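The structure appears right after this line, and notes come after that.
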Amino acid sequence: METLAIPTYHNVHTGFKLNGFHLDKDDLCRVAYSFIKEGDDFEKPVGHFILDWFDDLPYVEMTTSGTTGKPKQIRIDKQAMVNSALATGDFFDLQPGDRIMHCLPVKYIAGKMMLVRAFVLGLDTDFVEPSAKPFAANNDQSYDFVAMVPLQAQQSLDKLRKTKKLIVGGVGISKSLEKELRKLPTEVWETYGMTETITHIAAKRIGEKAFTVLPNVTLSYDDNNCLVIHAPRISSGIIVTNDLVKLVNENQFQFLGRFDNVINSGGIKLIPEQIEDKLAGSVNARFFVSGVPDEKLGQKLVLFIEGEPQTSLSFDDLDKYEKPKEVIYVARFKETETGKIMRKETVLQALNT
Numbered sequence: 021m022e023t024l025a026i027p028t029y030h031n032v033h034t035g036f037k038l039n040g041f042h043l044d045k046d047d048l049c050r051v052a053y054s055f056i057k058e059g060d061d062f063e064k065p066v067g068h069f070i071l072d073w074f075d076d077l078p079y080v081e082m083t084t085s086g087t088t089g090k091p092k093q094i095r096i097d098k099q100a101m102v103n104s105a106l107a108t109g110d111f112f113d114l115q116p117g118d119r120i121m122h123c124l125p126v127k128y129i130a131g132k133m134m135l136v137r138a139f140v141l142g143l144d145t146d147f148v149e150p151s152a153k154p155f156a157a158n159n160d161q162s163y164d165f166v167a168m169v170p171l172q173a174q175q176s177l178d179k180l181r182k183t184k185k186l187i188v189g190g191v192g193i194s195k196s197l198e199k200e201l202r203k204l205p206t207e208v209w210e211t212y213g214m215t216e217t218i219t220h221i222a223a224k225r226i227g228e229k230a231f232t233v234l235p236n237v238t239l240s241y242d243d244n245n246c247l248v249i250h251a252p253r254i255s256s257g258i259i260v261t262n263d264l265v266k267l268v269n270e271n272q273f274q275f276l277g278r279f280d281n282v283i284n285s286g287g288i289k290l291i292p293e294q295i296e297d298k299l300a301g302s303v304n305a306r307f308f309v310s311g312v313p314d315e316k317l318g319q320k321l322v323l324f325i326e327g328e329p330q331t332s333l334s335f336d337d338l339d340k341y342e343k344p345k346e347v348i349y350v351a352r353f354k355e356t357e358t359g360k361i362m363r364k365e366t367v368l369q370a371l372n373t
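For the sequence shown, the working numbering begins at 21 and goes up steadily by one.
See below:
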């Protein structure tokens, strides 16, 4: 029986196309030099990544997002990135020649991995400038697979009908956006992952409660009920997260919230993400809840809302201990370069003003 060779980062699939052109490794390196020397600002990182991908080093250096702490430089094994791309291809049934739109910044892991998937799986790739509205006015193309952040999906609702499969990641999908996406004929998935897991290691169809892991990934949890990821093909060791989960089985989990966001108010432990889910329909702006020091309770639950004061807030869906003790309005939340809200920094800024 013939054994199929496992793709490596040294090669480019013969089916790969970039903006309509078949390109091999040498062609890509020429394109990279052109992007670096003459390209637009969004193309230069693509050129640098392509040259990094085909150099003699077995790893790529990346910076973590900094959502819960200072961004840090880490090394990601190139073959692990290939393995991640293969797992994505298996999970979403991507085939050579499938047409995709690449609309994510290549500066970050999600944008890098869309290129790697295209190289490894032989995808026909339309590379467009990353923006809130990635579909140009004249772009009525049909796509088999597209990856976006929620803002892009929100701004592309009128165009996504011709997309077969859409994955949305980076930050969670709001209830209002989920409602709109469910009206589409498109197969829409919310993904779970981080830089350390080389983007997503799990996904769920919108409307479903549990994430299902990609091939060759299993799960457990630690003493704090935080998710532990076992993915030998993308990481030599286990990956311990700060994410509180409910395990359905070793291949499925429900995300509850982040351990470092938990509020201890008078001995009652509150998970902000669960409270925020209940509040989603009554707050017409970006918001989050957090614990603020309090002499009696240790921490009191405070609702932070971005923008102008609102008069129609309702806490009827909240349990007794989940109701905010105070509402604080902030002109503009602190956020990372990728648009993730930096809770601790925003709280400190609000309390100091």
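Even for Gly, the Cβ is constructed at its ideal location relative to N, Cα and C. Just so you know, these numbers come straight off a predicted model, no measurement behind them.
{"Item": "Span of the beta strand (DSSP E) around LEU186", "Value": "183–188"}
{"Item": "Cβ neighbours of ASP72 in the same chain (closer than 6 angstroms, five flanking residues each side left out)", "Value": "VAL80"}
{"Item": "Where THR88 falls: helix, strand or coil (DSSP)", "Value": "A caution first: THR88 carries a pLDDT of 49, below 50, which makes its placement in the model unreliable, though a value can still be read off. In the structure shown, THR88 sits in coil (DSSP, three-state: anything other than H, G, I, E or B)."}
{"Item": "8 angstroms Cβ shell around GLU270 - same chain, five flanking residues per side excluded", "Value": "THR238, LEU239, SER240"}
{"Item": "Status (buried if at least 16 other CB within 10 Å, exposed otherwise) for ILE258", "Value": "exposed"}
{"Item": "Exposure label - SER54; buried when at least 16 CB within 10 Å", "Value": "exposed"}
{"Item": "For ILE26 and ASP97, the rounded distance between their alpha carbons", "Value": "16 angstroms"}
{"Item": "Close-in-space but distant-in-sequence residues of the same chain around LEU267 (CB under 7 angstroms, 5 per side omitted)", "Value": "LEU239, TYR241, PHE273"}
{"Item": "Sheet register partners of PRO235 (DSSP bridge)", "Value": "Per DSSP, none; premise fails for PRO235."}
{"Item": "Start-to-end residues for the alpha helix (DSSP H) that takes in TYR53", "Value": "45–58"}
{"Item": "Any non-hydrogen atom of the ligand MG closer than 8 angstroms to PHE231 Cβ", "Value": "Absence of the ligand MG from the depicted structure is noted, as is the absence of any ligand whatsoever, leaving it without description."}
{"Item": "Length of the line joining the Cα atoms of LYS340 and GLN93", "Value": "43 angstroms"}
{"Item": "Helix, strand or coil at GLY213 according to DSSP, with G and I counted as helix", "Value": "strand"}
{"Item": "Within 9 angstroms, strictly: CB atoms of TYR128 and ASP146", "Value": "no"}
{"Item": "Cβ-Cβ distance between PRO235 and ASP110 below 9 angstroms", "Value": "yes"}
{"Item": "Unbroken alpha helix (DSSP H) run spanning MET134, endpoints", "Value": "129–141"}
{"Item": "For MET362 and THR88, the rounded distance between their alpha carbons", "Value": "For THR88, the predicted model reports a pLDDT of 49, less than 50, meaning its position is unreliable and no value from the coordinates is stated."}
{"Item": "Cβ-Cβ separation, MET121 to VAL148 (assumed contact under 8 angstroms), whole Å", "Value": "6 angstroms"}
{"Item": "Cβ-based burial, PHE165 [other Cβ within 10 Å; buried from 16]", "Value": "buried"}
{"Item": "Cβ of THR215 within 9 angstroms of any chain D Cβ", "Value": "Given the protein chain composition of this structure (a single chain), no chain D is represented."}
{"Item": "Neighbour-count burial assignment, GLN115, 16 or more Cβ in a 10 Å radius", "Value": "exposed"}
{"Item": "For TRP209 and ARG50, the rounded distance between their alpha carbons", "Value": "35 angstroms"}
{"Item": "Simplified DSSP state of MET101, which is helix, strand or coil", "Value": "helix"}
{"Item": "Sequence-distant residues of its chain with Cβ nearer than 7 angstroms to ALA300 (five each side left out)", "Value": "SER194, LYS195"}
{"Item": "Outcome for HIS220 when other beta-carbon atoms lying within 10 angstroms are tallied against a minimum of 16", "Value": "buried"}
{"Item": "Residue from VAL191, LEU197, MET168, ASP178 whose Cα sits closest to the Cα of LYS185", "Value": "MET168"}
{"Item": "Three-state class that DSSP yields for LEU299 in the structure shown", "Value": "helix"}
{"Item": "Proximal residues to ASN39 (C-beta, below 8 angstroms), its chain only, five neighbours per side dropped", "Value": "THR145, ASP146, PHE147"}
{"Item": "N-terminal and C-terminal residue of the alpha helix (DSSP H) that VAL32 is part of", "Value": "Neither: VAL32 is in no alpha helix (DSSP H) and is coded neither H nor E."}
{"Item": "Same chain, Cβ closer than 6 angstroms to VAL136, neighbours up to 5 away in sequence not counted", "Value": "MET101, ALA105"}
{"Item": "Residues sharing a beta bridge with PRO313, DSSP", "Value": "GLN319"}
{"Item": "Boundaries of the alpha helix (DSSP H) in which ASP72 is found, first to last residue", "Value": "64–73"}
{"Item": "For ALA272, three-class secondary structure by DSSP", "Value": "What sits at residue 272 in the sequence shown is Gln, not Ala. Of the three classes helix, strand and coil, the one that applies to GLN272 here is strand, per DSSP."}
{"Item": "Span of the alpha helix (DSSP H) around SER196", "Value": "195–201"}
{"Item": "Neighbour-count burial assignment, THR28, 16 or more Cβ in a 10 Å radius", "Value": "exposed"}
{"Item": "Alpha helix (DSSP H) segment containing ASN372, residue limits", "Value": "363–372"}
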